[in-house]
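Protein chains in written order, with this note's numbering: chain A, 1 to 574; chain B, 575 to 737. Below is one structure, written out as structure tokens, with a few remarks after it.
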């Protein structure tokens with residue numbers, strides 16, 4: 001035999017519930033892997049029969065943090081069905097909300113979900129604060145707070161926290177594992193910035209409160225945005241509030257340029273071997289976003305839409321969410337059945353009917369030759385796709401966009417790496433940082449566009465001409481697409497007699513955590529794990545590094561029900 | 575710190591209303607906030623959904639916080655629980671996620687960043703069903719009145735303590 005099968009379940013520091021089973025060969029290298037979403041979420045069923053204008057509010061609850069992206073995709077699909085073009089201010093405000101979400105989410109992912117795969121918290125306790133300050137100043141000369149006193153205080157805070165037994169936040173990691181390579185001082189610097197990022201993230205999101213009326217769960221509106229703008233009124237978004245937004249953006253700019261990016265490059269330089277592992281499918285898809293005119297005009301997107309196949313950066317294929325021959329979900333390895341008997345369906349024809357055929361839990365192993373997950377297998381023209389920051393950066397780069405070329409080439413130059421290094425675990429993690437750099441620049445631009453337009457006297461934020469259902473066609477269908485921080489997100493709707501007839505959501509993590517399809521093609525996680533050597537199968541930090549590099553978000557792909565319909569035991573207090 | 579002032583007491587409903595009893599905290603929040611004229615303007619009522627540590631900013635700079643949530647301790651469905659912050663801090667955080675990470679992780683993070691309010695309480699109901707469905711189970715619905723009384727009494731105590 002000479003093979004060994006290891007199971008990581010749940011994969012920690014992710015959203016939701018993901019199970020990975022990896023099969024090692026006799027040299028301890030991963031030969032094959034399966035990715036399973038072990039909980040079901042049939043949210044689409046809840047939406048059927050409801051008012052399409054309310055769908056966004058339900059969709060905001062699909063995922064804890066991705067509230068705005070689901071609301072955005074939802075209002076867009078209804079607007080598409082009813083052929084509504086939203087006013088310029090609404091388009092810009094949606095862009096600002098979108099970019100704010102990206103910047104906050106990417107920084108949180110790096111420091112709070114992914115850094116602990118590379119940074120050893122416990123080792124930070126043995127760092128010398130003075131040497132840490134010297135290191136921090138060399139890594140980022142523009143960063144404030146890089147003094148010995150500051151790092152001394154951080155070390156004390158951490159020590160008190162660990163001594164109090166409250167390791168809660170940091171408990172699910174493999175401290176002291178030989179795969180951790182940072183010196184103690186780099187670890188302490190990263191811990192300090194982890195804390196700074198925590199404090200900062202609660203500020204930046206105030207932009208959502210300002211434009212969305214409230215946060216969490218900001219208000220969206222079919223036809224535009226729900227806020228009122230009047231530069232001179234006390235009861236609307238006025239100049240004072242807009243200045244607050246500007247300050248928040250400036251603050252975020254400082255965090256990204258003087259902390260996140262320098263830390264990312266510094267940490268990456270200690271782990272060059274991770275440009276060799278985690279390559280994955282080599283197929284990448286972006287729906288694109290940040291329209292400069294309107295969402296129907298794909299040529300105006302700041303993030304280009306497109307497909308890359310087989311790592312070929314000299315060709316970008318077009319993606320069309322309405323073409324029923326392009327995007328389809330198949331279920332050969334999923335716990336679903338299509339009552340129509342089809343193998344594979346476009347989301348407009350999609351169905352959500354569960355059919356659990358897996359083992360009765362608790363079980364030892366899943367069977368990769370049969371159905372093994374609650375996720376369907378979405379495919380583009382039959383190809384499995386990776387979505388997310390790396391996909392967007394590569395599609396932008398391959399499209400020849402100057403913004404993308406500039407940040408990618410600068411980072412590769414600093415790390416002395418060729419472009420092929422991007423096809424890796426570290427490449428994926430770096431792409432998220434580089435995208436954040438672009439986003440923070442675009443956030444400034446979009447803010448300025450908004451101010452310029454308001455100063456021209458245009459304060460319209462919604463088009464309500466199609467608000468009344470009596471004006472709707474008897475039947476209509478639409479698609480709403482956006483890019484979530486984790487990748488391409490699509491909502492497909494069919495409206496009939498003023499109500500939602502059908503609703504299907506294909507989320508980014510369904511693409512990335514997809515199971516194999518009928519042809520045996522693996523999903524992105526499964527492909528990315530192949531070929532990775534494991535130092536110690538009992539402490540699978542290598543698996544976590546690659547899976548976390550995708551930023552998995554399984555709550556929007558799955559749900560809290562086990563196969564027997566009873567609640568699972570892991571929820572203590574949510 | 576930029577603008578948007580926080581009131582001294584926050585009542586924060588946590589949960590997902592699309593998952594039946596997981597939404598009990600939000601139902602309690604709605605019932606209580608309808609009676610908010612009984613209380614002074616020192617209390618803010620907020621629907622926190624399943625935002626996890628993204629709620630940190632809403633917790634900071636408060637004197638007291640009362641979470642309303644589904645609390646599953648393996649007791650009979652519908653049992654009303656009242657817990658203190660210290661008890662919650664000792665719960666193991668199962669899944670260190672940025673979001674949906676639950677009240678224990680929010681509190682542990684707030685402690686680490688120095689944002690933990692002095693007084694923290696949780697009032698919740700033991701769930702019966704966590705299926706994809708909007709609406710609460712019968713057993714949990716029957717306990718709402720009892721839980722509401724506990725919330726009102728806790729809020730009155732908190733108001734007195736911060737006067």
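Think of the CB as a built atom: it goes at the ideal place given N, C-alpha and C, for glycine as much as any other residue.
Taking C-beta atoms as the reference points, residue 253 of chain A and residue 192 of chain A fail to come closer than 8 Å.
The bridge partners DSSP lists for residue 593 of chain B are B:707. Between residue 630 of chain B and residue 198 of chain A, the CB-CB gap stays under 8 Å. In the three-state reduction of the DSSP assignment, residue 466 of chain A falls in the coil class, being assigned neither a helical nor a strand state. For the region 598 to 628 of chain B, the set of positions with a beta-carbon nearer than 8 Å to some beta-carbon of chain A reads 621, 622, 623, 624, 625, 626, 627, 628 in chain order. Legend: CB atoms of the region 648 to 660 of chain B lying less than 7 Å from CB atoms of chain A are not found in any residue. It is roughly 13 Å from the alpha-carbon of residue 732 of chain B to the alpha-carbon of residue 641 of chain B. For residue 587 of chain B, not one C-beta of chain A is nearer than 8 Å to its own C-beta.
Here the region 127 to 142 of chain A makes no contact with the region 463 to 483 of chain A; the two share fewer than three CB pairs at distances below 8 Å.
According to the DSSP assignment, residue 285 of chain A belongs to the beta strand (DSSP E) that extends over 284 to 286. Contact annotation for residue 631 of chain B against chain A: 201, 202, 203, 205, 206 [CB-CB distance below 8 Å, chain order]. For residue 104 of chain A, the CB contacts under 6 Å within the same chain, skipping 5 residues up- and downstream, are 201, 204, 205 in chain order. Closest in C-alpha terms to residue 218 of chain A, from the list A:66, A:251, A:428, A:518, comes A:66. Just so you know, the alpha carbons of residue 452 of chain A and residue 396 of chain A end up roughly 27 Å apart.
One Cα belongs to residue 433 of chain A, the other to residue 118 of chain A, and the distance between them is close to 15 Å. Distance from the CA atom of residue 238 of chain A to the CA atom of residue 72 of chain A, rounded to whole angstroms, is 24 Å. For residue 36 of chain A, the three-state secondary structure derived from DSSP is strand.
Residue 386 of chain A is bridged by DSSP to A:284. If you check the CB distance, residue 347 of chain A and residue 492 of chain A come in under 8 Å.
Boundaries of the beta strand (DSSP E) harbouring residue 641 of chain B: 638 to 644, taken from the DSSP string.
In this structure, residue 446 of chain A and residue 96 of chain A form a Cβ contact; the two beta carbons are roughly 5 Å apart against a cut-off of 8 Å. Within the region 702 to 722 of chain B, the residues whose Cβ lies closer than 7 Å to some Cβ of chain A are 704, 705, 706, 708, listed in chain order. The beta carbon of residue 516 of chain A lies closer than 8 Å to those of 34, 332, 333, 368, 377, 522, 523, 526 in the same chain, with the five residues before and after it left out. Interface criterion met: the Cβ of residue 591 of chain B is under 8 Å from a Cβ in chain A. DSSP places residue 492 of chain A in the strand class (E or B) of the three-state scheme. If you draw a straight line from the Cα of residue 720 of chain B to the Cα of residue 422 of chain A, it is about 57 Å long. DSSP assignment within the region 404 to 457 of chain A yields the following whole alpha helix (DSSP H) runs of 4 residues or more, N-terminal first: 425 to 455. The C-beta of residue 640 of chain B comes no closer than 8 Å to any C-beta of chain A.
A residue is called buried when at least 16 other Cβ atoms come within 10 angstroms of its Cβ; residue 456 of chain A does not meet this threshold and is exposed. DSSP places residue 58 of chain A within a helical segment (H, G or I) once states are collapsed to three. Residue state for residue 63 of chain A is assigned as coil, using DSSP reduced to three classes. Taking a cut-off of 8 Å on C-beta distances, the region 703 to 712 of chain B touches the region 591 to 606 of chain B, as three or more cross pairs fall below it. Among the residues facing chain B, residue 58 of chain A is included, as its CB has a counterpart in that chain under 8 Å away. For residue 98 of chain A, there is no enclosing beta strand (DSSP E); the residue is part of the alpha helix (DSSP H) that begins and ends at 88 to 108. At a cut-off of 8 Å, the C-beta of residue 686 of chain B has a neighbouring C-beta in chain A.
For residue 144 of chain A, no CB of chain B lies under 8 Å from its own CB, so it is not counted at the interface with that chain.
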